[in-house]
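K.L.:
Mind looking over this structure? Questions follow.
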Amino acid sequence: MELIRIPRIMQDTCRKHLQKGRSIGVVPTMGALHEGHLSLIKRSRAENDVTAVSIFVNPTQFGPAEDLGRYPRDIEGDSKKIRELEADILFLPDDRIMYPPGFTTFIDVEKISGKLCGEFRPGHFKGVATVVSKLLNIVRPTRAYFGQKDFQQSVVIRRLVKDLNFDAEVVICPTIREHDGLAMSSRNAYLNPEQRHAATALFRCLTAASQAILAGMHYPAAVREMMHAVLSREPLITAIEYADVYDPETLEAIDEIKGEVLLAVAARLGSTRLIDNMLLNT
Ligand code: PAF
Numbered sequence: 000m001e002l003i004r005i006p007r008i009m010q011d012t013c014r015k016h017l018q019k020g021r022s023i024g025v026v027p028t029m030g031a032l033h034e035g036h037l038s039l040i041k042r043s044r045a046e047n048d049v050t051a052v053s054i055f056v057n058p059t060q061f062g063p064a065e066d067l068g069r070y071p072r073d074i075e076g077d078s079k080k081i082r083e084l085e086a087d088i089l090f091l092p093d094d095r096i097m098y099p100p101g102f103t104t105f106i107d108v109e110k111i112s113g114k115l116c117g118e119f120r121p122g123h124f125k126g127v128a129t130v131v132s133k134l135l136n137i138v139r140p141t142r143a144y145f146g147q148k149d150f151q152q153s154v155v156i157r158r159l160v161k162d163l164n165f166d167a168e169v170v171i172c173p174t175i176r177e178h179d180g181l182a183m184s185s186r187n188a189y190l191n192p193e194q195r196h197a198a199t200a201l202f203r204c205l206t207a208a209s210q211a212i213l214a215g216m217h218y219p220a221a222v223r224e225m226m227h228a229v230l231s232r233e234p235l236i237t238a239i240e241y242a243d244v245y246d247p248e249t250l251e252a253i254d255e256i257k258g259e260v261l262l263a264v265a266a267r268l269g270s271t272r273l274i275d276n277m278l279l280n281t
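Under numbering that gives the first Met the number 0, read the sequence shown as residues 0 to 281, first letter to last.
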């Protein structure tokens, strides 16, 4: 596995692979790799000649009161996992090289960035869209891999790739869950044992809603009420940011459950914010 820290060197290396006719899959991450990330790397390995994994805790996607400082970091453990999966390149830039003095260009995917998580994390998707654009320009991948757990992020990235004519296929891979349904997330590491147990309420609320819809509950207001009721029964959930049924393309709340719908939830357990979602064909 080649370790590259400098964007220019990464760009040259990737260009050489492309010139030799090799396809490149990129897996952008912020590290603290779990089975969810590993599934993306495995998928990229299966579908491309070359797999590049990036680890960069992107400061521009964290708000001033968010967890940038305490975001879990484990470069040694991550490198070992990436090497074991036989990825070809680990791209490990630092803040100064990604955002050198004078950096002023940002990408804002309007409208959809302001929905759901965007309401509670202003500027978050602008940071995501900017760093993903930079990575796409540096690597020029054939395919870029992201997890469905961050559903809104995947909608923003698909839009960005389409609007800015990036020549990459965006591949969204299924959410990987713990044995009790909790979606894998680097932020699960913040939870104490009681909170970890309580965190399954997000999965329970999505499961209850999807079962109710499939059993014939067709009023979004009733689904929303049910989702909030499941979450509210869990005393360690300190805030419900949203829990509702949405149009998966526009991320608007819907007034009729028909076709494919998105069930999505964001809730806080103390200072830890968790998100989860399910897509449902009705
Ligand atoms: O999903 C993440 O880990 C991040 O938002 C991403 C896509 C790597 C951009 O920093």
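Each residue gets a CB set at the ideal place from its N, CA and C atoms; glycine is no exception.
Decide if the stretch 134-154 is in contact with the stretch 163-183; the criterion is three or more beta carbon pairs, one per stretch, under 8 angstroms apart.
P.N.:
A contact exists between the stretch 134-154 and the stretch 163-183.
K.L.:
For K125, which residues from the same chain have a beta carbon less than 6 angstroms from its beta carbon, with the 5 sequence-adjacent residues on both sides left out?
P.N.:
Translated into positions along the sequence shown, residue 125 becomes position 126. Hits under 6 angstroms: F105, D107.
K.L.:
Does DSSP put S185 in a helix, in a strand, or in coil?
P.N.:
As a first step, residue 185 is located in the sequence shown; it is residue number 186 there, counting from the start. Here S185 sits in helix by DSSP.
K.L.:
Going straight from the alpha carbon of S153 to that of P234, what length do you get?
P.N.:
If you number the sequence shown from 1, residue 153 lands on position 154. If you number the sequence shown from 1, residue 234 lands on position 235. Cα to Cα, the separation comes out at about 31 angstroms.
K.L.:
What's the call for F90, buried or exposed, on a 16-neighbour Cβ count within 10 Å?
P.N.:
The residue labelled residue 90 in the question sits at position 91 within the sequence shown. F90 should be labelled buried.
K.L.:
On a CA-only basis, which of T12, S43, R14, D66 is nearest S270? Give me that one, please.
P.N.:
Here the question's residue 270 lines up with position 271 in the sequence shown. Among T12, S43, R14, D66, the Cα nearest to that of S270 belongs to D66.
K.L.:
Looking at the strands, I want to know which residues DSSP matches up with N280.
P.N.:
If you number the sequence shown from 1, residue 280 lands on position 281. E259, per the DSSP bridge assignment.
K.L.:
Which same chain residues, not among the five before or five after L39, have their C-beta less than 6 angstroms away from its C-beta?
P.N.:
The sequence position of residue 39 within the sequence shown is 40, counting from 1. For L39, where only same-chain residues beyond five positions count, the Cβ hits under 6 angstroms are V26, Y144, C172.
K.L.:
Given the structure, does V127 come close to ligand 1, in the sense that its CB is under 6 angstroms from one of the ligand's heavy atoms?
P.N.:
Walking along the sequence shown from the start, residue 127 turns up at place 128. Answer for V127: yes, Cβ within range of ligand 1.
K.L.:
For ligand 1, is there a heavy atom less than 6 angstroms away from the beta-carbon of N57?
P.N.:
Reading the sequence shown from its first residue, position 58 is the one you call residue 57. Within the cutoff, so yes.
K.L.:
List the whole-angstrom C-beta distance separating Q60 from V127, where the pair is believed to meet the contact cut-off of C-beta under 8 angstroms.
P.N.:
As a position in the sequence shown, residue 60 is number 61, starting the count at 1. As a position in the sequence shown, residue 127 is number 128, starting the count at 1. Right, their Cβ atoms sit about 5 angstroms apart.
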